[in-house]
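*Asks:* Attaching a single structure in structure tokens format; questions to follow.
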Amino acid sequence: MNAQWTIGIIGGSGLYAIDGLEDAEWRPVDTPWGTPSDQILFGRIGDVAIRFLPRHGRGHVHLPGDIPVRANIDALKRAGCTDLLATSSVGSLREELPPGTFAIVDQFVDRTVQRAASFFGSGLVAHVSLADPTCERLGAFAAAAITAAGGRVAEGATYLAMEGPQFSTRAESRLYRDWGCDVIGMTAMPEARLAREAELPYALVGMVTDYDCWRDDRAAVDVAEIVAQMAANGRIARAAVAHLLRHLPPERTPSPIDTALDGAIMTAPAQRDAVLIARNAAIVARVLGLAAAATT
């Protein structure tokens, strides 16, 4: 079995299962940050190990702002993931990105305001670079897989992360267009931030369900229409994920994101908080030379 790739799949609205998963088993993974959104589905496709976590939980039980994001990322790190592929249902802010489009996100504008956005804090301060917040390599694999599955792909999208759970006002939607954003959603932040702190290359596929509310010639966002489009998107997404996992290169070459914490921890060794270090054992094990915290 190729141990170099262990792909974590964070399933957003519309993606609640992985087709063709072998040796599948749901397992609880405890973390110092609390309970994740759900148990993690361990399995494999061919020689690639898979860890699947439904972001909202099975049955869609968590509001976007209530998703235990730190617990989710910590759990996936403990489960041995080397890379994370996330999906998220999004609204389109561009005429050229109609419902049914799969947008490969490479930038974010973060407008969330009530969510814990870091593993670090007083006693263990760190600043990672987020200039390029997603993994170009994994995003390219995702784009190719979606195309192979018959989906429409748009690369290089900027994602506006809103707090929710309400949808935008028309004024907000038009403002975000003026800012240069392409899609809008409620869940990818602080997920992408925390993945970078955890040294996990992260790619996001935004699955377009609607045009948000910026257009004068269309009614506001309709939940029934969104749910119907989510189902159609989900069918393509499941096929694309299976294709991606079966066509990964046999060897995983290192990514610069694997060492994102090098030079990032600012707190002097003598001043570091032992309790916070212990809480972050899965996150800082490599950079601080600690025994890795893992769930197998």
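Sequential numbering from 334 applies to the sequence shown in my numbering.
Just so you know, even glycine gets a beta-carbon here, dropped at the ideal spot from N, CA and C.
On a Cα-Cα basis, can you pick out the residue from V620, R612, P583 that is closest to G596?
*Replies:* Closest by alpha carbon: V620.
*Asks:* Between D363 and L386, how many whole angstroms is the CB-CB distance? I'm expecting something under 8 Å.
*Replies:* Not quite, the Cβ-Cβ distance comes to about 14 Å (not below 8 Å), so this is no contact.
*Asks:* Would you list the one or two residues that DSSP bridges to E355?
*Replies:* E355 is bridged to R377.
*Asks:* On the criterion of 16 or more Cβ atoms from any shown chain inside 10 Å, does V446 qualify as buried, or is it exposed?
*Replies:* Counting Cβ neighbours within 10 Å, V446 comes out exposed, since fewer than 16 surround it.
*Asks:* Per DSSP, Y535 forms a beta bridge with which residues?
*Replies:* In DSSP, Y535 forms a bridge with L417.
*Asks:* Consult DSSP for Y509 and reduce its assignment to one of helix, strand or coil.
*Replies:* Three-state DSSP puts Y509 in a helix.
*Asks:* Is the distance from the Cβ of G341 to the Cβ of L417 below 8 Å?
*Replies:* It is a contact, given that the beta carbons lie within the stated cut-off.
*Asks:* To the nearest angstrom, how far is it from the Cα of G483 to the Cα of T467?
*Replies:* If I take the Cα positions, the gap works out to 24 Å.
*Asks:* Let's test the definition: count the other Cβ atoms within 10 Å of the Cβ of R612 and tell me whether it reaches 16, buried, or not, exposed.
*Replies:* Classification of R612: buried, given that the 10 Å Cβ count is 16 or more.
*Asks:* For G497, which of helix, strand or coil comes out of DSSP?
*Replies:* Note: G497 maps to coil in three-state DSSP.
*Asks:* Given this structure, state the Cα-to-Cα distance separating F441 from L493, to the nearest angstrom.
*Replies:* Distance between the alpha carbons of F441 and L493: 6 Å.
*Asks:* Buried or exposed: W512, going by 16 or more other Cβ atoms within 10 Å of its Cβ?
*Replies:* Label assigned to W512: exposed.
*Asks:* Can you say whether A564 is buried or exposed, counting buried as having 16 or more other CB atoms within 10 angstroms of its CB?
*Replies:* Under this definition A564 is an exposed residue.
*Asks:* What would DSSP say about D465, mapped onto helix, strand or coil?
*Replies:* The answer is coil: DSSP assigns D465 none of H, G, I, E or B.
*Asks:* Using a Cβ-Cβ cutoff of less than 6 Å, which residues in the same chain neighbour S588 once the five nearest sequence positions on both sides are dropped?
*Replies:* Around S588: P534.
*Asks:* Starting from I569, trace the alpha helix (DSSP H) in both directions and tell me its first and last residue.
*Replies:* Taken as a continuous stretch (DSSP letters only), the alpha helix (DSSP H) holding I569 covers 556-579.
*Asks:* May I ask which residues mark the beginning and end of the alpha helix (DSSP H) holding D407?
*Replies:* Unbroken alpha helix (DSSP H) run through D407: 402-411.
*Asks:* Who are the near neighbours of G353 in its chain, counting only those whose CB is closer than 6 Å to its CB and skipping five residues on each side?
*Replies:* I378, A575.
*Asks:* Taking only three categories from DSSP, how would you classify V394?
*Replies:* Of the three classes helix, strand and coil, the one that applies to V394 here is coil, per DSSP.
*Asks:* CA-CA distance, A357 and T502?
*Replies:* One C-alpha to the other measures close to 42 Å.
*Asks:* May I have the straight-line CA-CA distance separating V516 from T600, to the nearest angstrom?
*Replies:* For V516 and T600, the distance between alpha carbons rounds to 37 Å.
*Asks:* May I ask which residues mark the beginning and end of the alpha helix (DSSP H) holding A525?
*Replies:* Note, A525: alpha helix (DSSP H), 524-530.
*Asks:* Q440 bridges to which residues according to DSSP?
*Replies:* Answer by DSSP bridge pairing, in chain order: T491.
*Asks:* Do the CB positions of A490 and I437 come within less than 8 Å of each other?
*Replies:* Result yes, Cβ atoms of A490 and I437 sit closer than 8 Å.
*Asks:* Who are the Cβ neighbours of P523 in its own chain at under 8 Å, not counting the five residues just before and after it?
*Replies:* Hits under 8 Å: V402, D443, T445, R448, A449, A450, S451.
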